[in-house]
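A.B. asks: Chains as they are written, first to last, in UniProt numbering: chain E, 1 to 385; chain Y, 1 to 127.
Dropping the structure in here first, questions after.
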């Protein structure tokens, strides 16, 4: 049942125990998917991304350096690929033209041939980005462009089809008012659509916009929020603002045109690990260390829509970008029966309303077994005076 | 921490608690967060099932406040037992739970107490 309905899940969440959870917000159900039986900490999911062919496949990057392929159509894991090289967990996963791009914490970016039948093969391309990488993100408009950044590792944009040197290398801001070097800690990167700009959020609670098209390599805009490291970021539909989350569970929407705070979202109690906005609807999915997946509405009105308790600590999430969020009917028999019953009972109850209260129990008993279900529902409505 | 009573302030107290390992009682840690916190309190003390000395430490959770008491018990008869309060007593409230070691500036928080979000309703309890 869970496997059959997997394609209708709205949010996919990866946890610290290695389980991939699929959550259906319409039916309010969450299902666990594991590659092999027991959940293990060695398989903690550190990166998730959509595979080739729309949203039918998910690539799950685990802490033991394997990338597992999960099919949402069939609802099970299909294969895995071991991606050695470098140290640390995956910090970014992407797919382009039948190749898989992986980036690990020690800064090794590798491009692999994407045939999952083979256990492991040599990488097609290898880049060394610099140690301490926190995020590698692929440009959705130009899939061969990737951006990397991390702790004491400045933002760099690489062209996988071009040379070994980065296309854009960001420069650190000027020394602060004490003439001290400002440390760098890029935690999350996003590409702004319809331009070459990039936005990063840092562990020193700054949000910066870089423009490779402009002559300056320093950030074009800088805004700060809060006192705690910002851990996740996402663009809102409309792309004039970003929503950032920090280690205290505070979510804030920051306008990129002026660099000011537009508003905050309440609810999270733990460090924010994953954030994603729907491309067209004003919905934001957030997950964190407090083990709860929340879906907020960011506009008219701003508030919490859904909250789902998932028992493990959540590391990353993928929000389905499809437009219709209702399920397709699974069994055609049920919808036919339900309206018939409803019309019958509605007519009967309409005729009963005119009768006096004392006579109601007698009438109910004579109706028959079909009405017993209705009668049980009516009891809390206190037919007794 | 609030309502601290040190050993010398407790009336009619027993003799000093010899440094033997007390038994632990954890009361009313029902939610998932409460269970984690309760386990952490239990692991503060070494795990020893010998029950040499009759000392017991109680952590009682009521409405998100945790009350700590230290007692010594004796069995007066088969059915009746008596307790004598020994050690300090205090009340503590959970402020935050961090993942990893203590790092208030850059650490990841698993749970943070937010005054204006969590304490609005008297009925919603977290631990």
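Idealized CB from N, CA, C, for every residue including glycine.
For the ligand GTP, is there a heavy atom less than 7 Å away from the beta-carbon of residue 82(E)?
C.D. replies: Among the ligands in the structure shown, none appear at all, so the ligand GTP cannot be discussed.
A.B. asks: Can you tell me where the alpha helix (DSSP H) with residue 35(Y) in it begins and where it stops?
C.D. replies: Locating residue 35(Y) in the second chain gives position 35, where the first residue counts as 1. Here the alpha helix (DSSP H) through residue 35(Y) covers 32-44.
A.B. asks: Answer with buried or exposed for residue 103(E), where buried requires no fewer than 16 other C-beta atoms within 10 angstroms of its C-beta.
C.D. replies: On the first chain, residue 103(E) is found 103 positions in, with the first residue counted as 1. Residue 103(E) comes out buried.
A.B. asks: Are the stretch 71-79 of chain Y and the stretch 233-240 of chain E touching, with three or more C-beta to C-beta distances below 8 Å?
C.D. replies: Between the stretch 71-79 of chain Y and the stretch 233-240 of chain E there are fewer than three C-beta pairs closer than 8 Å, too few to call the two in contact.
A.B. asks: Measure from the alpha carbon of residue 281(E) to the alpha carbon of each residue in 153(E), 323(E), 101(E), then state which is nearest.
C.D. replies: As a working note, residue 281(E) is residue 281 in the first chain. When only C-alpha atoms are compared, the closest one is 323(E).
A.B. asks: So that I know if they touch, is there some Cβ in chain E lying closer than 8 Å to that of residue 85(Y)?
C.D. replies: In the second chain, the residue the question calls residue 85(Y) occupies position 85. By this cut-off, residue 85(Y) is not an interface position.
A.B. asks: Taking buried to mean at least 16 other C-beta atoms within 10 Å of its own C-beta, is residue 39(Y) buried or exposed?
C.D. replies: The residue labelled residue 39(Y) in the question sits at position 39 within the second chain. Residue 39(Y) counts as exposed, since fewer than 16 other C-beta atoms from the protein chains shown sit within 10 angstroms of its C-beta.
A.B. asks: What separation, rounded to the nearest whole angstrom, lies between the Cα atoms of residue 87(Y) and residue 123(Y)?
C.D. replies: Stepping through the second chain from its first residue, residue 87(Y) is reached at position 87. Stepping through the second chain from its first residue, residue 123(Y) is reached at position 123. Rounded to the nearest angstrom, the two C-alpha atoms are 32 Å apart.
A.B. asks: Is the number of C-beta pairs between the stretch 172-179 of chain E and the stretch 131-146 of chain E that are closer than 8 Å three or more?
C.D. replies: no
A.B. asks: Please identify, using Cβ separations under 7 Å, the residues of the stretch 258-285 of chain E that lie next to chain Y, in order along the chain.
C.D. replies: Those would be 266, 269, 270, 271, in chain order.
A.B. asks: How about residue 276(E) and residue 230(E): are their beta carbons less than 8 Å apart?
C.D. replies: For the purposes of this step, residue 276(E) is taken as the residue at position 276 of the first chain. For the purposes of this step, residue 230(E) is taken as the residue at position 230 of the first chain. No, these two residues do not count as a Cβ contact at 8 Å.
A.B. asks: Below 8 Å between beta carbons: does that hold for residue 196(E) and residue 224(E)?
C.D. replies: Here residue 196(E) refers to the residue found at position 196 when the first chain is read from its first residue. Here residue 224(E) refers to the residue found at position 224 when the first chain is read from its first residue. Contact: no.
A.B. asks: Based on the DSSP output, what are the partners of residue 93(E) in its beta bridges?
C.D. replies: Reading the first chain from its first residue, position 93 is the one you call residue 93(E). In DSSP, residue 93(E) forms a bridge with 102(E).
A.B. asks: Do three or more CB pairs link the stretch 36-55 of chain E to the stretch 122-131 of chain E at distances below 8 Å?
C.D. replies: no
A.B. asks: Would you call residue 117(Y) buried or exposed, if buried means 16 or more other Cβ atoms sit within 10 Å of its Cβ?
C.D. replies: Counted from its first residue, the second chain places residue 117(Y) at position 117. Exposed, since its Cβ has fewer than 16 Cβ neighbours within 10 Å.
A.B. asks: Residues in its own chain within less than 6 Å of residue 76(Y) by CB, not counting five upstream and five downstream?
C.D. replies: As a first step, residue 76(Y) must be located in the second chain, where it is residue number 76. Result list for residue 76(Y): 82, in chain order.
A.B. asks: Check whether the Cβ of residue 107(Y) lies closer than 8 Å to any Cβ atom in chain E.
C.D. replies: Looking up residue 107(Y) in the second chain gives position 107. Interface residue, yes.
A.B. asks: Any residues in the stretch 201-230 of chain E with a beta carbon nearer than 7 Å to a beta carbon of chain Y? Which ones, in chain order?
C.D. replies: 203, 229
A.B. asks: Along the beta strand (DSSP E) that carries residue 55(E), what are the first and last residues, could you check?
C.D. replies: Counted from its first residue, the first chain places residue 55(E) at position 55. Element bounds for residue 55(E): n/a, residue is neither H nor E.
A.B. asks: In chain Y, which residues lie with their C-beta within 7 Å of the C-beta of residue 186(E)?
C.D. replies: Residue 186(E) sits at position 186 when you count from the first residue of the first chain. In chain order: nothing, as chain Y lies at least about 14 Å away.
A.B. asks: Helix, strand or coil: how does DSSP classify residue 174(E) here?
C.D. replies: Here residue 174(E) is taken as the residue at index 174 of the first chain, counted from 1. Coil at residue 174(E), not helix or strand.
A.B. asks: Pick helix, strand or coil for residue 85(Y), following the three-state DSSP scheme.
C.D. replies: Here residue 85(Y) refers to the residue found at position 85 when the second chain is read from its first residue. In this structure, residue 85(Y) counts as strand in the three-state DSSP scheme.
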